[in-house]
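Residue numbers (the UniProt record's numbering), protein chains in the order written: chain H, 1 to 220; chain X, 1 to 220.
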C-alpha cells in the first residue's frame with residue numbers, strides 16, 4: 001500500500017475534491033490541516049510554485065492542483081473512475097470542471113473577499129446565479145453531470161456547496177430559490193454518495209471560518 | 001476517416017496548440033478562420049458558453065477549451081501521445097500546462113491590452129520574466145518539458161513564442177537576454193518538430209495583428 005498524505009484546509013473546495021476522490025476509491029490516507037495564514041514547511045516544499053492546498057503526497061512524491069490530482073487518482077489507483085471511458089464524454093467532463101474553476105472562485109470572491117456592502121457583492125451574486133443557471137442548463141434532466149453516477153465535474157462543483165450558506169448570508173439571496181435544480185443536485189450528491197457526505201465540512205462551520213478570515217482582513 | 005474541423009484565429013496561442021496536436025498525429029482537418037470581433041455563427045453555436053476559439057469539431061461534435069482538446073486528441077486519435085504513460089509524469093505535465101494557462105494570459109494582457117506606457121506594462125514584464133524563470137527552473141537541463149521529446153506542457157507553452165516579439169516591442173525588454181534557456185527551448189521546439197514549425201504564425205504578423213487590435217480599441 002502506498003503512503004498517501006493530503007495537505008488540505010477543511011473549508012477548501014479544491015482540497016475537498018481530493019477527499020472525495022480518495023474516499024470513492026477507498027484509498028487510506030492521512031490528512032494534514034494547513035493553516036492558510038502561516039503556511040507549513042511541507043506545503044511550501046511540496047508546492048513551491050503556488051504554495052496552496054491541496055497537495056497529494058504519494059510515497060513522498062507531490063501532486064498539486066486539485067483537478068490534476070483528480071485525474072492522477074483516477075489513473076494511479078484501482079477502482080471506479082470519475083472520468084468516463086469515452087473520449088468525447090471525458091472532454092465534456094473536463095470542460096465543465098474547467099468552467100467551475102474559471103468561474104466560481106471569481107464570483108465567490110466578489111461576495112466574500114470584499115468589504116460588507118461593497119458594490120462587488122451585487123455583481124458577484126448576479127454572476128454566480130448566471131454560472132449556476134448555465135450549469136443547470138448542462139445538467140438538464142440528468143441526475144448528475146456525469147450522467148447516472150457522480151463523476152469528475154460533479155466532484156469539481158459539489159465541494160462549493162458547503163459555501164452556499166456563506167454566499168447567501170453575505171450576499172442576501174437564496175440559491176435554492178434562484179436555482180432549484182442545482183440545489184436538488186447538491187442534495188442528491190450528498191444523499192446518495194457517502195464519499196461526498198463524509199468529505200464535506202458543515203456549512204455553518206464554513207460560515208464561521210469565513211467570518212474569522214473577514215475579521216482578520218478587516219472586511220467586517 | 002472522421003470529418004475534423006478547427007475553428008481558430010491564426011494568432012491564438014490556444015488555437016495553435018490544437019494545430020500542433022493534430023499535425024503531430026497526422027490528422028487531416030479543415031481550419032476556419034474566426035474573426036475575434038464579429039464571431040461566426042458556428043463558433044457561437046458550438047461554444048455557446050465561452051464563444052471562444054479553439055473549437056474542434058469531429059463529425060459535428062464540438063470539443064472546447066484548448067487543454068481539453070489536447071487530451072481529447074491524445075485519446076481519440078491513434079499515434080504518438082503528448083501525455084506520457086506514467087500517472088505521476090502525466091500529472092506533472094498537466095500541472096505545468098495549467099501553470100501556463102493561469103499565468104501567461106494575465107501577464108501578457110498587462111503588456112498588450114493596456115494603453116501605451118501604462119504602469120501595468122512594467123508589472124506585466126516583471127511577472128512574465130518571473131513566470132519564464134520558474135519555467136526555466138522546471139525545464140532544468142532537459143531538452144523539453146516532456147523530457148526527451150515534445151510533450152503536453154511544451155505544446156501548451158510554445159504557441160506563446162510567436163508573441164514574444166510583440167511582448168518585447170511593447171514592453172521594451174529582451175526575452176532572449178532575460179531567459180536564454182527558455183529561448184533555446186523555443187528554438188529547439190520549432191527546429192526539431194515540423195508539427196510545431198508549420199503550426200505557428202510569423203512573429204511579425206502577430207505584431208501587426210496586435211497593432212491593429214490596439215488601434216481598434218484605442219490603446220495606441
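From the three backbone atoms N, C-alpha and C, an ideal C-beta is built for every residue, glycine too.
Note down the Cα distance separating residue 55 of chain H from residue 198 of chain H, rounded to an integer number of angstroms. Within the first chain, residue 55 of chain H is the residue found at index 55, counting from 1. Within the first chain, residue 198 of chain H is the residue found at index 198, counting from 1. C-alpha separation (whole angstroms): 19 Å.
Looking at C-alpha atoms only, which residue of H:80, H:165 and H:44 is the closest neighbour of residue 208 of chain H? Looking up residue 208 of chain H in the first chain gives position 208. For residue 208 of chain H, the nearest C-alpha among the options comes from H:165.
If you compare alpha carbons, which of H:204, H:85 and H:49 is closest to residue 133 of chain X? Numbered from its first residue, the second chain carries residue 133 of chain X at position 133. Checking every option, the nearest Cα to that of residue 133 of chain X belongs to H:49.
Looking at the structure shown, is residue 210 of chain X part of a helix, part of a strand, or coil, going by DSSP? Taking the first residue of the second chain as position 1, residue 210 of chain X is located at position 210. Looking at residue 210 of chain X - three-state DSSP - the assignment turns out to be helix.
Report yes if the CB atom of residue 7 of chain H is closer than 8 Å to the CB atom of residue 37 of chain H, and no otherwise. As a working note, residue 7 of chain H is residue 7 in the first chain. As a working note, residue 37 of chain H is residue 37 in the first chain. Against a cut-off of 8 Å, the Cβ pair of residue 37 of chain H and residue 7 of chain H comes out as no contact.
Using the Cβ count rule (16 or more neighbours within 10 Å means buried), how would you classify residue 12 of chain X? Locating residue 12 of chain X in the second chain gives position 12, where the first residue counts as 1. Looking at its Cβ environment, which holds 16 or more other Cβ atoms inside 10 Å, residue 12 of chain X is buried.
Could you please tell me which residues of the stretch 15 to 36 of chain X, in chain order, have their CB closer than 7 Å to any CB of chain H? none
Check whether the stretch 114 to 134 of chain X and the stretch 170 to 177 of chain X are in contact - that is, three or more C-beta pairs closer than 8 Å. yes
For residue 70 of chain H, list the residues DSSP reports as bridge partners. Translated into the one-based positions of the first chain, residue 70 of chain H becomes position 70. Bridge partners of residue 70 of chain H: none, in fact.
Span separating the alpha-carbon of residue 94 of chain X from that of residue 20 of chain X: Taking the first residue of the second chain as position 1, residue 94 of chain X is located at position 94. Taking the first residue of the second chain as position 1, residue 20 of chain X is located at position 20. The straight-line gap from Cα to Cα measures roughly 17 Å.
Among H:159, H:185, H:211 and H:194, whose alpha-carbon lies nearest the alpha-carbon of residue 170 of chain H? Here residue 170 of chain H refers to the residue found at position 170 when the first chain is read from its first residue. The shortest Cα separation from residue 170 of chain H among H:159, H:185, H:211 and H:194 belongs to H:211.
With respect to the alpha helix (DSSP H) encompassing residue 183 of chain X, which residues constitute its N-terminal and C-terminal limits? Working through the second chain from its first residue, we reach residue 183 of chain X at position 183. Residues 180 to 192.
Run through the DSSP bridge pairs and tell me what residue 64 of chain X is partnered with. On the second chain, residue 64 of chain X is found 64 positions in, with the first residue counted as 1. Residue 64 of chain X pairs with X:55.
Starting from the C-beta of residue 183 of chain H, find all residues in its chain whose C-beta is less than 7 Å away, skip the five residues before and the five after it, and write them out in chain order. Here the question's residue 183 of chain H lines up with position 183 in the first chain. Excluding positions up to five away in sequence, the list reads 175 and 176.
Determine the closest residue to residue 201 of chain H out of H:2, H:3, H:16 and H:5, with distance taken between C-alpha atoms. Counting from one through the first chain, the residue named residue 201 of chain H turns up at place 201. Comparing Cα positions, the closest option is H:16.
Just confirm the distance between the C-beta atoms of residue 157 of chain H and residue 196 of chain H, as a whole number of angstroms; I'd bet it's less than 8 Å. Start at 1 with the first residue of the first chain, and residue 157 of chain H comes out as number 157. Start at 1 with the first residue of the first chain, and residue 196 of chain H comes out as number 196. Not a contact, Cβ separation roughly 11 Å.
Contact check, residue 58 of chain X vs residue 114 of chain X, beta carbons under 8 Å: The residue you call residue 58 of chain X lines up with position 58 of the second chain. The residue you call residue 114 of chain X lines up with position 114 of the second chain. Not closer than 8 Å, so no.
Does any CB atom of chain H fall closer than 8 Å to the CB of residue 89 of chain X? The residue you call residue 89 of chain X lines up with position 89 of the second chain. No, residue 89 of chain X does not count as interfacial toward chain H.
If the cut is a Cβ gap below 7 Å, which residues of chain X does residue 49 of chain H touch? As a working note, residue 49 of chain H is residue 49 in the first chain. Residues of chain X passing the Cβ test: 99 and 134.
So is residue 214 of chain H in contact with chain A if we call contact Cβ pairs under 8 Å? Protein chains in the displayed structure are H and X, and chain A is not among them.
Distance between residue 179 of chain X and residue 67 of chain H (C-alpha atoms, nearest Å): Position 67 of the first chain, counted from the first residue, corresponds to residue 67 of chain H. Position 179 of the second chain, counted from the first residue, corresponds to residue 179 of chain X. About 30 Å.
Under 8 Å, do residue 82 of chain X and residue 152 of chain X count as touching if we go by C-beta distance? In the second chain, the residue the question calls residue 82 of chain X occupies position 82. In the second chain, the residue the question calls residue 152 of chain X occupies position 152. For residue 82 of chain X and residue 152 of chain X, yes; Cβs fall inside 8 Å.
Which first and last residues belong to the alpha helix (DSSP H) in which residue 30 of chain X is found? For the purposes of this step, residue 30 of chain X is identified with residue 30 of the second chain, where counting begins at 1. First-last for residue 30 of chain X: 30 to 33, but that is the beta strand (DSSP E), not the alpha helix (DSSP H).
List the whole-angstrom C-beta distance separating residue 88 of chain H from residue 25 of chain X, where the pair is believed to meet the contact cut-off of C-beta under 8 Å. The residue you call residue 88 of chain H lines up with position 88 of the first chain. The residue you call residue 25 of chain X lines up with position 25 of the second chain. Between residue 25 of chain X and residue 88 of chain H the Cβ distance is about 16 Å, and since that is not below 8 Å, they are no contact.
What do you get for residue 146 of chain X, buried or exposed, if any count of 16 or more other CB atoms within 10 angstroms of its CB means buried? As a first step, residue 146 of chain X is located in the second chain; it is residue number 146 there, counting from the start. With 16 or more Cβ atoms within 10 Å of its Cβ, residue 146 of chain X is classed as buried.
Look at the alpha carbon of residue 227 of chain X and the alpha carbon of residue 181 of chain X, and state the distance between them as a whole number of angstroms. The structure shown does not extend to residue 227 of chain X, since chain X is modelled only from 1 to 220, so the question has no answer here.
Out of X:214, X:63, X:154 and X:28, which one is the CA nearest neighbour of residue 186 of chain X? Reading the second chain from its first residue, position 186 is the one you call residue 186 of chain X. Nearest of X:214, X:63, X:154 and X:28 to residue 186 of chain X, Cα basis: X:154.
Neighbour-count burial assignment, residue 45 of chain X, 16 or more Cβ in a 10 Å radius: In the second chain, counting from the first residue as 1, residue 45 of chain X sits at position 45. With fewer than 16 other Cβ atoms within 10 Å, it is exposed.
Length of the line joining the Cα atoms of residue 102 of chain H and residue 78 of chain X: Within the first chain, the letter at position 102 stands for residue 102 of chain H. Within the second chain, the letter at position 78 stands for residue 78 of chain X. Cα to Cα, residue 102 of chain H sits roughly 31 Å from residue 78 of chain X.
Please report the straight-line C-alpha distance between residue 220 of chain X and residue 116 of chain X, rounded to a whole angstrom. Your numbering for residue 220 of chain X matches position 220 in the second chain. Your numbering for residue 116 of chain X matches position 116 in the second chain. Cα to Cα, the separation comes out at about 6 Å.
For residue 4 of chain X, three-class secondary structure by DSSP: For the purposes of this step, residue 4 of chain X is identified with residue 4 of the second chain, where counting begins at 1. Three-state DSSP puts residue 4 of chain X in a strand.
Range covered by the alpha helix (DSSP H) that runs through residue 200 of chain X: The count along the second chain starts at 1 and reaches residue 200 of chain X at position 200. Neither: residue 200 of chain X is in no alpha helix (DSSP H) and is coded neither H nor E.
Which of the three DSSP states is assigned to residue 151 of chain X in this structure? For the purposes of this step, residue 151 of chain X is taken as the residue at position 151 of the second chain. DSSP places residue 151 of chain X in coil when its eight states are reduced to three.
Are the C-beta of residue 181 of chain X and some C-beta of chain H separated by less than 8 Å? Reading the second chain from its first residue, position 181 is the one you call residue 181 of chain X. Taking Cβ atoms only, chain H never reaches closer than 8 Å to residue 181 of chain X, which makes this a no.
Distance cutoff 8 Å, beta carbons only. Does residue 108 of chain H sit that close to anything in chain X? What you label residue 108 of chain H is simply residue 108 of the first chain in a count that begins at 1. No, residue 108 of chain H lies away from the interface with chain X (no Cβ there is under 8 Å from its Cβ).
Neighbour list for residue 95 of chain X in chain H, Cβ cutoff strictly below 9 Å: If you number the second chain from 1, residue 95 of chain X lands on position 95. Result: 49, 63, 64, 65 and 68.
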